[in-house]
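Peer 1: Pasting a structure below so you can have a look.
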Amino acid sequence: MDTYLAAANLTKRFDGRLAVDDASFTVVEGETIALLGPSGCGKTTLLRLLTGLTAADGGSVTLAGETLTGPGVHVAPERRRVGMVFQDWALFPHLTVEKNVAYGLSSEDEAAGRAREALDLVGLAELADRYPQDLSGGQAQRVAVARALAPRPRVLLLDEPFSNLDTELRVKLRSEVAGLMREVGMTAVFVTHDQEEAFVVGDQVAVMRAGHILQQGTPTEVYERPSSSWLATFVGEANLVDAVAGGETASTMFGEIRLSEPAWGACRVAIRPEHLLIGNGDDGRVANVEFYGHDTSYAVQFEATCVQVRGIAAPRFRPGDRVSLTYSGPEVVAFSEADQPERMPSQAH
Ligand code: ATP
């Protein structure tokens, strides 16, 4: 499919320090990309480069074939038709829902009924005359999305829009907003530091660290084929274990495991806790058990390593029990010994 929005080699320095470092990603029309990264890695700055509110030091932004940012080019923010939903999506309490949505629209857009149209899109047309205090948290969030959709942006950027909400509402809203984006066919960039949220909302996920996009792919690709050991542990839980690769497979403390790409020699592989089966045996000793209701987490002392294991059943073993661990999962990626999770990407090679 054709790329609709592309950020290529974007760079931004503040006082000489790189906030965005050679960052690139692409989005297909109608899809949502989740920009996932730890706090302070440059996600908001990258969004601001897309809006044009911050000028780039290098790199380019193209949208629907038009260069918005590039060498000698900087299209003004108001001419980009890029919408934004911020962390503090507060509505004006003294304005009705419709007036809130119409706020900031040009007089032509307002006359064209764009506020009503956007409320229709988010399914709130019948609440147009209500005031914000008479809305549920979820409805208020949808009004904020309608406000961003009203000027018919070509892309919608959402910057941690649920970070101020409690967990229950957040979980409900993230699937609702993801559904809404798909329904209206909106191309969107959704910033979050929460892996689960990124996977639920994003058709694609771009993982960012220290200003750089390390990997872009579908949630499954990023989870099953992480491009570095840091990424393997940032995107979900992973046991990084020593291995010796011999082409198609690697020998590990859990036996031979198939590799997604051939490799040779000393390496490490990332083993997901849910891909280890725990049973009666004498490989290791259970050090800790946590039961979450829907699953159980075990810490197992296996040789010199403490291994995390996840089982879907209620606890079958107790601390002190001797157990066996067997690998039962997909092919794994081999990471070179130089690839240490604590190292920054630029230090890895
Ligand atoms: P969070 O998830 O905490 O919001 P983030 O990933 O969005 O963080 P940014 O807000 O983009 O990260 O910040 C990236 C880096 O750039 C930080 O070190 C930040 O302090 C710095 N930074 C951002 N804006 C400015 C600015 N206007 N002047 C100087 N430094 C800035």
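The sequence shown begins at 68 in the working numbering and counts up one residue at a time.
Beta carbons are placed, not taken as given, at the ideal position from N, Cα and C, and that holds for glycine.
May I ask you to report which of helix, strand or coil DSSP gives residue 340?
Peer 2: Helix at residue 340.
Peer 1: Cβ of residue 24 within 8 Å of Cβ of residue 378?
Peer 2: The structure shown does not extend to residue 24, since the chain is modelled only from 68 to 416, so the question has no answer here.
Peer 1: On the criterion of 16 or more Cβ atoms from any shown chain inside 10 Å, does residue 253 qualify as buried, or is it exposed?
Peer 2: Answer is buried; the Cβ neighbour count reaches 16.
Peer 1: Please name the residue in 335, 322, 297 whose C-alpha comes closest to that of residue 308.
Peer 2: Considering only alpha carbons, the answer is 335.
Peer 1: For the region 341-360 against the region 393-406, do three or more pairs of beta-carbon atoms, one drawn from each stretch, fall closer than 8 Å, so that the two count as touching?
Peer 2: Contact between the region 341-360 and the region 393-406 is present, because at least three Cβ pairs lie under 8 Å.
Peer 1: Kindly indicate the opening and closing residues of the beta strand (DSSP E) around residue 309.
Peer 2: Residues 306-319.
Peer 1: Please report the Cβ distance between residue 101 and residue 356, rounded to the nearest whole angstrom; I am assuming they are in contact, meaning their Cβ atoms lie under 8 Å.
Peer 2: With a Cβ gap of about 33 Å, residue 101 and residue 356 do not count as contacting.
Peer 1: Inspect the CB distances between the region 112-129 and the region 190-201 and report whether three or more fall short of 8 Å.
Peer 2: Cβ pair count under 8 Å is below three, so no.
Peer 1: Pull up the distance between the alpha-carbon of residue 87 and that of residue 239, whole angstroms please.
Peer 2: When rounded, the distance between both Cα atoms is 31 Å.
Peer 1: When you compare only the Cα positions, how much space is there between residue 348 and residue 390?
Peer 2: Straight-line Cα distance between these residues: approximately 4 Å.
Peer 1: Based on Cα-Cα distance, which residue from 346, 204, 258 lies nearest to residue 224?
Peer 2: It is 258 whose Cα lies nearest to the Cα of residue 224.
Peer 1: Look up residue 335 in the DSSP assignment and say whether it is helix, strand or coil.
Peer 2: Correct three-state label for residue 335: strand.
Peer 1: Enumerate in chain order the residues of its own chain whose CB-to-CB distance from residue 251 is below 8 Å, with the five nearest sequence positions on each side excluded.
Peer 2: Excluding positions up to five away in sequence, the list reads 188, 216.
Peer 1: Rounded to whole angstroms, what is the Cα-Cα separation between residue 313 and residue 327?
Peer 2: For residue 313 and residue 327, the distance between alpha carbons rounds to 13 Å.
Peer 1: Nearer than 7 Å: is that true of the beta carbon of residue 403 relative to any heavy atom of ligand 1?
Peer 2: Checking the Cβ of residue 403 against ligand 1 gives no.
Peer 1: Helix, strand or coil for residue 412 per DSSP?
Peer 2: Note on residue 412: pLDDT 48, under 50, position unreliable in the model; the coordinate value appears next. Three-state DSSP puts residue 412 in a helix.
Peer 1: Please confirm if residue 365 has its CB atom under 8 Å from at least one CB of chain B.
Peer 2: Within the model displayed, chain B is absent; a lone protein chain is all it includes.
Peer 1: Quick one: what does DSSP say residue 248 is sitting in, helix, strand or coil?
Peer 2: Residue state, collapsed to three classes: helix.
Peer 1: Would you say residue 109 touches ligand 3, meaning its beta carbon is less than 7 Å from a heavy atom?
Peer 2: In the structure on display, ligand 3 does not appear, and the ligands it does have are ligand 1.
Peer 1: Rounded to whole angstroms, what is the Cα-Cα separation between residue 144 and residue 120?
Peer 2: About 6 Å.
Peer 1: Please state if the CB of residue 330 and the CB of residue 277 are separated by a distance shorter than 8 Å.
Peer 2: No, the Cβ-Cβ distance between residue 277 and residue 330 is not below 8 Å.
Peer 1: Is residue 170 helix, strand or coil by DSSP?
Peer 2: Reduced to three states, the DSSP call for residue 170 is coil.
Peer 1: Is the distance from the Cβ of residue 274 to the Cβ of residue 244 below 8 Å?
Peer 2: For residue 274 and residue 244, no; Cβs fall outside 8 Å.
Peer 1: Would residue 152 be called buried (16 or more neighbouring beta carbons within 10 Å of its own) or exposed?
Peer 2: Classification of residue 152: buried, given that the 10 Å Cβ count is 16 or more.
Peer 1: Answer yes or no: the CB of residue 112 versus the heavy atoms of ligand 1, is any distance below 7 Å?
Peer 2: Yes, the beta carbon of residue 112 sits closer than 7 Å to at least one heavy atom of ligand 1.
Peer 1: Applying the criterion that 16 or more other CB atoms from any shown protein chain within 10 Å of the CB defines a buried residue, is residue 316 buried or exposed?
Peer 2: Answer is buried; the Cβ neighbour count reaches 16.
Peer 1: Does any heavy atom of ligand 1 sit closer than 7 Å to the C-beta of residue 305?
Peer 2: For ligand 1, not one heavy atom lies less than 7 Å from the Cβ of residue 305.
Peer 1: Could you say which of 303, 106, 368, 117 lies nearest to residue 286 if we only look at CA atoms?
Peer 2: Nearest C-alpha to residue 286: 303.
Peer 1: Could you say if the region 292-301 and the region 359-372 meet the contact criterion of at least three C-beta pairs nearer than 8 Å?
Peer 2: Segments in contact, no.
Peer 1: What first and last residue would you give for the alpha helix (DSSP H) that runs through residue 181?
Peer 2: Unbroken alpha helix (DSSP H) run through residue 181: 181-188.
Peer 1: Where does the unbroken beta strand (DSSP E) through residue 73 begin, and where does it stop?
Peer 2: Per DSSP, residue 73 belongs to the beta strand (DSSP E) from 70-81.
Peer 1: Can you tell which of 383, 310, 107 has its C-alpha closest to the C-alpha of residue 403?
Peer 2: Residue 310 is the option with its Cα nearest to residue 403.
Peer 1: Starting from residue 84, follow the beta strand (DSSP E) in both directions and report where the run begins and ends.
Peer 2: Looking at the DSSP string, the run of the beta strand (DSSP E) that includes residue 84 is 84-95.
Peer 1: Pull the bridge partners of residue 262 from the DSSP assignment, please.
Peer 2: Looking at the DSSP assignment, residue 262 forms no beta bridge with any residue, so it has no partner.
Peer 1: Counting along the chain, where does the alpha helix (DSSP H) carrying residue 400 start and finish?
Peer 2: Neither: residue 400 is in no alpha helix (DSSP H) and is coded neither H nor E.
Peer 1: In three-state DSSP terms, what is residue 175?
Peer 2: Residue state, collapsed to three classes: helix.
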